[in-house]
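Q: Sharing a structure below in structure tokens format, with a few things to ask.
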Amino acid sequence: MIHILRYVFGFAAMFIGIYGLFTSDFAYQSYMIFFLALMMLMTGIEELRSGKKKIGALSIAVFLFLLIVSLQDFFL
5 MIHILRYVFG FAAMFIGIYG LFTSDFAYQS YMIFFLALMM LMTGIEELRS
55 GKKKIGALSI AVFLFLLIVS LQDFFL
């Protein structure tokens, strides 16, 4: 299930990025960063479950950074 969610969040972020690239409308950039954050969370959980603790911890750290960036963009 986590594997599927990782791909769904990745495709959502990619779709929003392509939309912004072709239309030059970057209003949805914060949503793209939020979906990338969720994708990194799913990657981190998946890596921790497989026993790769360093990569899992790094992925979760990147998730936290992207989450803070996207929330700042939502509220500021």
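Take 5 as the starting number for the sequence shown in the numbering used here and just add one per residue. The C-beta atom is built at its ideal place from N, Cα and C for all residues, glycine as well.
Are there 16 or more other CB atoms within 10 angstroms of the CB of G48, so buried, or fewer, so exposed?
A: Buried, since its Cβ has 16 or more Cβ neighbours within 10 Å.
Q: Residues in its own chain within less than 6 Å of M36 by CB, not counting five upstream and five downstream?
A: Answer for M36: A17, I20 and G21, listed in chain order.
Q: Going by other Cβ atoms of all chains shown within 10 Å of its Cβ, with 16 needed for buried, is A65 buried or exposed?
A: Classification of A65: exposed, given that the 10 Å Cβ count is below 16.
Q: Under the three-state reduction of DSSP, which class applies to Y35: helix, strand or coil?
A: Y35 falls in the helix class under three-state DSSP.
Q: What does the alpha-carbon distance come out to for the pair F13 and K57?
A: Spanning the two alpha carbons is a distance of roughly 22 Å.
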